[in-house]
Amino acid sequence: RSARFGSGTDACGGGSARIGTDSGENERRRLASFALVSGALDAALTGLELRFKRSPSSLKKPSHAAPTMALAAVFCANNADHVLAAAAGVDELRAVLGADWMRLQGELVERHVDTYMAVAWGKALDAMSTSPGASSPDPKALNDKQRQIVKDKFSAVNAAVDEARRSQPGWTVPGAALRARLSARLAREVVAGYAGLHHRYKDSGFTRKNPHKYIVHTPAAVEEIVRGLFAG
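Numbering (our numbering), first residue to last: 971 to 1202.
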């Protein structure tokens, strides 16, 4: 499955490629049309984002809809990023749309990336968190309740990693800069987070009978899975 919206990107790409070859009047019309289409895309993409975020707590609950929501967030990020790149590549468009529009469009891309991270990885990121207030039992002195907390942490991460490995390999992000941004977020938050969780608890004895039920992935395996995402 591709997360790219073909007709919208074709329209933007084709229109910007012809700028500068027609008369001044036609050029102004093309620029005005581009601004109108960009505004419509902004509204549509923001509307989808609001649907995802209508109930923020639901983004971190297990749900059969989560893969679809995550795909839609990547879809939105792809298209907002393509509109931004199309505008940035043409001097006339940058002049018409203005610096504020360029900045806001960049922020829109980032919001869609945030939505993807929350939907696809939110529960796992919560489990791996070491921020103040997060439940991080001392690995040297675990009681039964704390052992269950650690088991739940690994289960949450395993579920997110397995879902990503199952559903996301076919998703594509054509823009190199956006793909790099997503990869950096995943490396910084998911890969590094899991490496810390694994190091903290792998030898703690939190599961005495069947450690392989919970410690399913090595940090290197998680890194390899994440590195393979969004290449198509």
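Beta carbons are placed, not taken as given, at the ideal position from N, Cα and C, and that holds for glycine.
Would you kindly work out how many angstroms separate the C-alpha atoms of residue i and residue j, rounded to a whole number?
i, j, result
"glycine 1163", "leucine 1095", "7 Å"
"glycine 1140", "asparagine 1113", "42 Å"
"arginine 1151", "histidine 1187", "24 Å"
"arginine 1073", "threonine 1085", "19 Å"
"tyrosine 1184", "serine 1125", "6 Å"
"alanine 1047", "valine 1196", "18 Å"
"serine 1099", "alanine 1090", "16 Å"
"alanine 1056", "glycine 1076", "12 Å"
"glutamine 1118", "alanine 1111", "13 Å"
"proline 1107", "aspartate 1173", "14 Å"
"valine 1066", "aspartate 1122", "52 Å"
"threonine 1177", "leucine 1167", "14 Å"
"glycine 1175", "valine 1120", "10 Å"
"glycine 1092", "glycine 1198", "20 Å"
"alanine 1134", "glutamate 1062", "40 Å"
"alanine 1058", "glycine 1068", "10 Å"
"valine 1079", "alanine 1050", "6 Å"
"glutamate 1194", "serine 1137", "16 Å"
"alanine 1165", "valine 1060", "43 Å"
"alanine 1097", "alanine 1201", "27 Å"
"valine 1127", "glutamate 1159", "12 Å"
Where does the unbroken alpha helix (DSSP H) through residue i begin, and where does it stop?
i, result
"histidine 1169", "1162 to 1171"
"asparagine 1128", "1114 to 1137"
"valine 1083", "1061 to 1098"
Does the beta-carbon of residue i have 16 or more other beta-carbons within 10 angstroms, so that it is buried, or is it exposed?
i, result
"histidine 964", "Coverage of the chain is limited to positions 971 through 1202, which leaves residue 964 absent and any answer about it impossible."
"lysine 1179", "exposed"
"alanine 1146", "exposed"
"histidine 1052", "buried"
"alanine 1190", "exposed"
"histidine 1082", "buried"
"alanine 1154", "exposed"
Specify the secondary structure class of residue i as computed by DSSP and reduced to three states.
i, result
"alanine 1201", "strand"
"threonine 1142", "strand"
"asparagine 1049", "helix"
"alanine 1111", "coil"
"arginine 1178", "coil"
"serine 1153", "helix"
"threonine 1188", "coil"
Check whether chain C comes within 9 Å of residue i, counting only Cβ atoms and requiring the distance to be less than that.
i, result
"alanine 1042", "Considering every chain present, this structure includes no chain C. It has just one protein chain."
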